[in-house]
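Asks:
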Amino acid sequence: MSRWNHMRTSVGTHRPISSQVPAADGPDRLSPVTTQRSGPRVAFLLLLALGACSDHATPRDPESSTELAIEVPSAPETDLVASEAAATAIERTLAEAFTRPLAGRALEDAAACLVEAGFRGISPELGPEGTAGPLSIRWLQPAAGPSSSTQEFLAALDALNPLSSAERVETELFRFELAPSKDRATAVARLRWAGLAAADHDHPGARVDLTIFAEIEVRKEALGWRLATFLPTTAPRRDYPANALGSGLRLVGPATPLFVDRTASVGLHLGTSAENRKIIQSFIDRHLTLALGGLGVVDFNGDERPDLIATRSGETSLVFLNDGDSGFVPLPLPIEDATDHPAFLLTVDLDGDGLDELVSSQVSRFDGPLAYAGLWTRTAETPGGEPGPWRHLPRAFPLPNAVGMRRLAVQTVAPLDVEGDGDLDLFFAVYGNAASRGEHYNSVEAHDGADNYLLINQGNLTFTEESDARGIHGTGYTYVALSFDADHDGDFDLFEGNDFGPNHLWRNEGGQFVDDETMGLGGVSAYTMGAALADLEADGAWDLYVSNMSSEEGMRMVPHAADLSDHMRSRVDTIARGNRFFSQPPASGATEPPPTETLWRERAQTLGVHEGEWAWGCQFVDVDGDGAQEILVTNGFASHQDASLGDWQTYYWRQVLDDAARLERGERTADVNTKVRFQGSFNGHERDRLFVRTGGTDPDRPWVDGGYCLGFDDSHDGRAIAPLDADGDGDLDLAILTLGGLEFRENVSAPVASWVRLRLLDGSGQPALGARVYLTAGEDTLARHVALVEGFQSQVSPDLHISLPDGATAIDRMRIRWVDGHEETLEGIPTGQLVTITRTSSGPAQASMVAAAAVPRWASGALAIPSTWSQELEQTTRALRRTKGGTGPRAVAVRRGATEGSDPSPAATAVIDSDGDVLRWFRGTGDEVAIAAFLELGTAERSAPSILIEHGRFALAESRYRDALAIFGRAVEGRGDLGVTDAPAFEGIARAHVYLGRMDLAETAYRRSVELDPDYALGHFNLAASHAAAGRFEEAIRSLLEVQRLEGNTDRVVGSLVENAGSAGAVELAEEYAAIWMKTHPDDADMLTLIGKVEARAGDLLAARSRFERALQLAPRNQEARDALNLTLQLLSRPRTSQK
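Oh and the sequence shown: position 994 is 994 in full-length UniProt numbering, straight run, nothing missing.
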């Protein structure tokens, strides 16, 4: 590899980078073409060496690099199936035959991917230098002119590559045009490789990330697709907007990244059993699991150390107490029972007694037209004493709900003070219910999700639901809700982010809400999953980052989709392009808020922060302690356990575009992928993003993705992110919830020189939600705000952790703007401590109390686990796995490295669970109480009923009926707390018995399901079918009337009542429901035939004949009606003794 070093071309004069844009990411799927080497390697090296001798150091005309141009097909292929097949084949070819060989310095292999004759290329080269936080940048720029040979072109690309080995290699096509001849195509591409710098680099061992953006032309030759033209992006293309990153860039970070995985060191393990992990992975493989749970940073036990709450829908939720030494200790939350496993849990004081309540998003209790979510509370046993025991208020939050509706998916709960009365109210954001996902689900105009709820605090932990009365309406698919003062008028507004359909900004006007589309946040459909707030310029204007689901497949396909208006195409393109970044106009003065009616400006692509793949959690976090905030994004939807399989993205975007076209035509959606047999991921194996702002003062200066260089680019189907200073060392660590469990990243950046942890409290001693702080140190001013819920299903700490800008050692002054708009300025704020500021009065004249206290710290280096420990433990666990029943849970002492005569106590203790996984490392012998907690956690976890019910449904769908019986049985066996949520388990048992031919057992199970839940429509319906199969039609009618009570006159109810009433001889009842049917289906030949048979069976042959004749007029080929008519005519021709 070293022989290539002397052949690198010199870089030319520096020119400013252009402003042009990258886009989204996605895996490749089709096989590459076969490469062919032409000639001996020695000859190739000689030609390459000769071609690399040209010198480009002379000044050049900035326009000289444009002498090559790519002719985009004027009428590209619009058949998306053909176009995408070519795009994925080309992408895969480039990835495996060009980008990967380049990353590995195999230039001869890369040469085989170029056309054999007529290749044209301008190489990128190193240009201006720059910085982005802890990263150094070399911007790329086009060379002065075309390469004189393919060898020179490849040598120039190799000159950019300082890697000893590549850990990340990616190739993406964002825009794509296939010529009608299908033997030529053009595209905008991104090539990327990242890894550790070689020993001869300026920073050996440093993390380096190289990205190149280019317009390309490819041609189809005898051996497959070949690269014909390569031009670094320099100017906007016809259908491709400006690129914030120009021709690309090379990032260099530290050899040791900022974030290091310490999950096992700190003990952030959910204790999920191997069996449950297998079940959950089977859900993921089927693209079922959407949002597993939530994460919260709280001080659960009041010791001034940040603790963590992790919730998992359908599974055990835990609180991880910070032990103040080197990690966390897991304890069960006081909410656990078989039915309460919330996706999100809000910790907040709702009654003003100084003790937090736990608000559950789980809706598991139902009573007629109401559903209920609950809370847990406690009171002090004595004034100033320890809190008393927790008690459950299961009906604290009454939610209007259709009778029989048994699924309300509350995703998050946002606190706000609607009326400004000092009491916190709650907004329940609901994704959907059992009736969701109708004909326009998955479209930009989806309005069939579910109602959201606004719970107004009436005192004494009682709440009334007042969303409709206060102007909040609509039935979206809501994932996120942020409460903040969007229009700067001194109250809480609400941003509602919807997965499908438009977002909403609910502007608070005196306790009533207005659906505002004038400010630019509402009315836009962006497939929103998460949202985070900041004031990056400290100018009083908000910046809002919204996570979405960018897709290179979507960006390729949208321009070519047929039958879309320009307006609809633009709306769908907004979704495909990814995350959104909205900014308010700046304030006109130091204390004046921005104008309320001016539009927020969307500038994600301008800044380069849009491309985040299928993004979920997002947070503004100062990762390197310089005072400036970065953007963290965690992503990935459903990663199949077999990473070699393809991805569903292409098929998904075909559906999105077809849905959009049908929506415009007023048609119902239709599945366009019914014939596709697919197994694989769905936006899977995607990596997290860490966007860092480049240096300078321009508000529109670009951000760069420093995730690889800084240690935040894992592939794990991430969901929630929670920043916290777990060890008290002054920088922010990260807790991450993924579909695979919890993860912890310790921030190991250089010690922060000066920092402060601010706690702002209102007059009642509660966190001053909505308050904004402007902290000035030297020439810099930083802004932060107090919130509880941001990101995706994440509760953040209300304490503000602020690092001072580089070089600053003291806080000169601090201006506080309380949520009601009143302000005050404080000086003399200490650093390196927890500073509590309590507002003691309201109104223009403020008087606040300031108190400071030390921040508890862990021992220095407590999380650095020597490699010998993990090696010893791996040997131990391997031995235990070989021993039947010997894996655990147990504590294992690690003594490797001890010498004769040394202290016999263990160097470390590790707790492993029943599957042999490490739950927590302890130095020395560890704390007995903490070890006991982990041993309890490591006991084999039981599968939650809701997970088993879903698992059983899969078994039924796959015709594994006996397996389904066993799985449903496990969901209910041995339990004395069965309730309405368990009715589906018995319905599943019954269906398995039906498939096995055990109708008597099926009927028993159906009866049990409706006994547990008298409002269970599906149970009643299937019980009716069971009665009908046994010939008990009157009983079937009674069950169907129960379904009608719950559902009304739906088609399945009315049709079944006609059929069963006819079979029972209840002609009048059959005619009654047939008339109901015909009002909505006046030309239904099948129903006319059915009711005719009922009338014929009752002896009314003339009426029957009329029905059959009408049916045949409507459907002349209806053989059933014709046969019935012929038989009726035969009967009518007989002597008329019994006819009417």
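For glycine and all other residues, C-beta sits at the position ideal for the given N, C-alpha and C.
Just so we're clear, the structure is a prediction, and the values are computed from it rather than from any experiment.
1. In terms of residues, what are the limits of the beta strand (DSSP E) holding residue 837?
2. Are the CB atoms of residue 1010 and residue 1042 within a distance shorter than 9 Å?
3. State the Cα-Cα distance for the pair residue 507 and residue 430, rounded to the nearest angstrom.
4. Starting from the N-terminal side, write out each stretch of the beta strand (DSSP E) that is 3 residues or longer and does not extend beyond the UniProt domain "ASPIC/UnbV" (768 to 836).
5. With a cut-off of 8 Å on the beta carbons, I'd call residue 605 and residue 244 a contact; round off their distance for me.
6. Assign residue 709 to one of three DSSP states: helix, strand, or coil.
7. By DSSP, does residue 276 sit in helix, in strand, or in coil?
8. Is the beta carbon of residue 1142 sitting closer than 9 Å to the one on residue 295?
9. Tell me which same chain residues have a C-beta within less than 6 Å of the C-beta of residue 1141, skipping the five on either side of it?
10. Among residues of its own chain, excluding the 5 on either side of residue 397, which ones have a beta-carbon nearer than 6 Å to its beta-carbon?
11. Pairs of beta-carbons, one from the region 659 to 675 and one from the region 616 to 623, closer than 8 Å: are there three or more?
12. State whether the region 651 to 669 contacts the region 629 to 641, with contact taken as three or more CB pairs (one from each stretch) at a distance under 8 Å.
13. Would you mind stating whether residue 801 and residue 755 have Cβ atoms separated by less than 9 Å?
14. Rounded to the nearest angstrom, how far is the Cβ of residue 529 from that of residue 503, given a contact under 8 Å?
15. Cα separation between residue 975 and residue 97?
16. For residue 580, name the three-state secondary structure that DSSP assigns.
17. Between the region 749 to 763 and the region 801 to 817, do three or more beta carbon pairs fall short of 8 Å?
18. Between 539, 293, 746, 90, which has its C-alpha nearest residue 260's C-alpha?
19. Could you give the residue range of the alpha helix (DSSP H) that holds residue 951?
20. Quick check on the burial criterion: 16 or more other C-beta atoms within 10 angstroms. Buried or exposed for residue 1130?
21. Roughly how far, in whole angstroms, is the beta-carbon of residue 1104 from the beta-carbon of residue 1128, given that I think they are within contact range, below 8 Å?
22. Taking 8 Å as the cut-off, does the region 111 to 126 touch the region 137 to 156 (at least 3 CB pairs, one atom from each stretch)?
23. Quick one: what's residue 545 bridged to in DSSP?
24. What are the uninterrupted segments assigned as beta strand (DSSP E) that are 3 or more residues long and contained completely in the region 101 to 188, given in chain order?
25. Quick one: grab the DSSP three-state call for residue 1086.
26. Put residue 1132 into one of helix, strand or coil per three-state DSSP.
27. Please report the Cβ distance between residue 1012 and residue 979, rounded to the nearest whole angstrom; I am assuming they are in contact, meaning their Cβ atoms lie under 8 Å.
28. Going by C-alpha to C-alpha distance, which of 1110, 534, 421, 1061 sits closest to residue 1027?
29. Give the C-beta separation of residue 627 and residue 780 to the nearest angstrom, bearing in mind that I take them to be a contact with Cβ-Cβ under 8 Å.
30. Can you tell me whether residue 849 is buried or exposed, with buried defined as 16 or more other CB within 10 angstroms of its CB?
31. Since residue 185 and residue 90 are thought to touch, with beta carbons under 8 Å apart, how far apart are those beta carbons, to the nearest angstrom?
32. Going straight from the alpha carbon of residue 308 to that of residue 176, what length do you get?
33. Near residue 758, which residues of its chain fall below 6 Å by C-beta distance, leaving aside the five closest residues on each side in sequence?
34. With a Cβ-Cβ cutoff of 9 Å, do residue 638 and residue 287 count as a contact?
35. What are the boundary residues of the beta strand (DSSP E) that residue 251 is part of?
36. Span of the beta strand (DSSP E) holding residue 634?
Replies: With the given structure in hand:
1. That run of the beta strand (DSSP E) goes 834 to 839.
2. In contact: residue 1042 and residue 1010 (Cβ atoms closer than 9 Å).
3. Computed Cα separation, rounded: 19 Å.
4. DSSP runs (the beta strand (DSSP E)) wholly in the UniProt domain "ASPIC/UnbV" (768 to 836): 772 to 777, 780 to 785, 800 to 803, 813 to 817, 823 to 826.
5. Taking the Cβ atoms as the reference, residue 605 lies roughly 7 Å from residue 244, within the contact range of under 8 Å.
6. Shown here, residue 709 sits in a helix according to DSSP, grouped into three states.
7. Helix at residue 276.
8. Because the chain here runs from 1 to 1140, residue 1142 falls outside it and cannot be looked at.
9. Residue 1141 is absent from the structure shown; the chain starts at 1 and stops at 1140.
10. 373, 455, 463.
11. Using a Cβ-Cβ distance cut-off of 8 Å, the region 659 to 675 and the region 616 to 623 are not in contact, since fewer than three pairs of beta carbons, one from each stretch, lie closer than that value.
12. Cβ pair count under 8 Å is below three, so no.
13. If you check the CB distance, residue 801 and residue 755 come in under 9 Å.
14. Contact between residue 529 and residue 503 does not hold, since the beta-carbon distance rounds to 11 Å and is not under 8 Å.
15. Near 59 Å, if we compare the C-alpha coordinates of residue 97 and residue 975.
16. If DSSP states are grouped into helix, strand and coil, residue 580 belongs with the strands.
17. Short answer: they touch.
18. Selected option, being the one with the closest Cα: 746.
19. Taken as a continuous stretch (DSSP letters only), the alpha helix (DSSP H) holding residue 951 covers 945 to 957.
20. Burial call: exposed.
21. Contact annotation, residue 1104 with residue 1128: C-beta distance approximately 5 Å; criterion of less than 8 Å satisfied.
22. Yes, the region 137 to 156 touches the region 111 to 126.
23. Beta-bridge partners of residue 545 (DSSP): 532, 581.
24. Counting whole runs of 3 or more residues, the region 101 to 188 contains the beta strand (DSSP E) stretches 124 to 132, 135 to 142, 163 to 178.
25. Helix at residue 1086.
26. Of the three classes helix, strand and coil, the one that applies to residue 1132 here is helix, per DSSP.
27. Under the criterion of beta carbons closer than 8 Å, residue 1012 and residue 979 qualify as touching, at roughly 6 Å.
28. Closest option to residue 1027, Cα to Cα, is 1061.
29. Between residue 627 and residue 780 the beta-carbon gap is near 6 Å, inside 8 Å, which marks them as a contact.
30. Exposed, because fewer than 16 other Cβ atoms sit within 10 Å of the Cβ of residue 849.
31. About 6 Å separates the two Cβ atoms, so the contact holds.
32. Residue 308 and residue 176 have their alpha carbons spaced roughly 45 Å apart.
33. Only 800, 835 meet the Cβ criterion.
34. In this structure, residue 287 lies closer than 9 Å to residue 638 by Cβ.
35. Element bounds for residue 251: 248 to 252.
36. DSSP places residue 634 in the uninterrupted beta strand (DSSP E) bounded by 630 to 635.
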